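Undergrad: Take this structure first; my questions come after.
Residue numbers (this note's numbering): 59 to 269.
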């Protein structure tokens, strides 16, 4: 059996990035390149996306690869750190973390002064129905209020489970997200993946996450 070959059109990828800029002109773009840019080859994809505002990856190893390739944009760890030992490396390399469970909150607090000194933002993930990662609505407000009281700059984040389809869960996710955003104001916000960028222009807020 002959192997399949995938060709990446860097011009098309650059066009897509520029299209997102047109669709969400007031939001910063976090280009998602986790898992070797979804198997497409992160080195070539980074080159095509070099004008993005930031990158998003799943784990520290992926973030360090971006740094080793010479890119200085902010990087967000979408799954956060996996151990306390990763926090000093994250801070040294100017990488922002997402929090989705209490242990990660504790690890961050232990390195509060160094993290804040680097002016790094803390992303806090809402589990509004995707049921993959994140704090439930009855917990996340207290987490955010505590982090803000400690001096952190926070970004409220969530992920649509069905953004590419008409689904009743979309409205419920939006309701929860806006409730928390209002109750925790002022706070930065990010909830739009690729499909949601097109579908919900009113929800672009501060960051969009195509990929």
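We treat Cβ as the ideally placed atom computed from N, Cα and C, and that holds for glycine.
Every value quoted in this text rests on a predicted model; they were computed, and no experiment measured them.
Counting Cβ pairs closer than 8 Å, one from the segment 187-199 and one from the segment 246-256, do we hit at least three?
TA: With a cut-off of 8 Å, the segment 246-256 and the segment 187-199 do not count as touching, because too few Cβ pairs lie within range.
Undergrad: DSSP puts residue 193 in a beta bridge; with which residues?
TA: As a first step, residue 193 is located in the chain shown; it is residue number 135 there, counting from the start. DSSP, once it has assigned bridges, lists 184 as partnering residue 193.
Undergrad: Give the C-beta separation of residue 89 and residue 114 to the nearest angstrom, bearing in mind that I take them to be a contact with Cβ-Cβ under 8 Å.
TA: As a position in the chain shown, residue 89 is number 31, starting the count at 1. As a position in the chain shown, residue 114 is number 56, starting the count at 1. Rounded, the Cβ-Cβ distance is 7 Å, consistent with contact.
Undergrad: Could you say which of 193, 102 and 234 lies nearest to residue 65 if we only look at CA atoms?
TA: Locating residue 65 in the chain shown gives position 7, counting from the first residue. Per the Cα distances, 102.
Undergrad: Taking Cβ to Cβ, would you say residue 104 is nearer than 8 Å to residue 121?
TA: Locating residue 104 in the chain shown gives position 46, counting from the first residue. Locating residue 121 in the chain shown gives position 63, counting from the first residue. Contact: no.
Undergrad: For residue 86, name the three-state secondary structure that DSSP assigns.
TA: In the chain shown, counting from the first residue as 1, residue 86 sits at position 28. Three-state result, residue 86: strand.
Undergrad: According to the neighbour-count rule (16 or more other Cβ atoms, all chains shown, within 10 Å of its Cβ), is residue 186 buried or exposed?
TA: Taking the chain shown and counting its residues from 1, the one referred to as residue 186 is at position 128. When all chains shown are included, residue 186 counts as buried.
Undergrad: Residues bridged to residue 178 by DSSP?
TA: The residue given as residue 178 occupies position 120 in the chain shown. Residue 178 pairs with nothing; no bridge assigned.
Undergrad: With 16 as the cutoff for other CB atoms within 10 Å, does residue 230 come out buried or exposed?
TA: The residue you call residue 230 lines up with position 172 of the chain shown. The residue in question, residue 230, is exposed, as its Cβ has fewer than 16 Cβ neighbours within 10 Å.
Undergrad: Can you pull the DSSP bridge partners for residue 248?
TA: Position 190 of the chain shown, counting from 1, holds the residue named residue 248. Residue 248 is bridged to 215.
Undergrad: For residue 163 versus residue 157, is the C-beta spacing smaller than 8 Å?
TA: Numbered from its first residue, the chain shown carries residue 163 at position 105. Numbered from its first residue, the chain shown carries residue 157 at position 99. It is a contact, given that the beta carbons lie within the stated cut-off.
Undergrad: Is residue 242 close to chain B, meaning its C-beta is less than 8 Å from at least one C-beta of that chain?
TA: The structure shown has no chain B; it contains just one protein chain.
Undergrad: Quick check: what's the CA-CA separation for residue 166 versus residue 204?
TA: By one-based count along the chain shown, residue 166 stands at place 108. By one-based count along the chain shown, residue 204 stands at place 146. The straight-line gap from Cα to Cα measures roughly 12 Å.
Undergrad: Which first and last residues belong to the beta strand (DSSP E) in which residue 112 is found?
TA: Within the chain shown, the letter at position 54 stands for residue 112. Residues 112-115.
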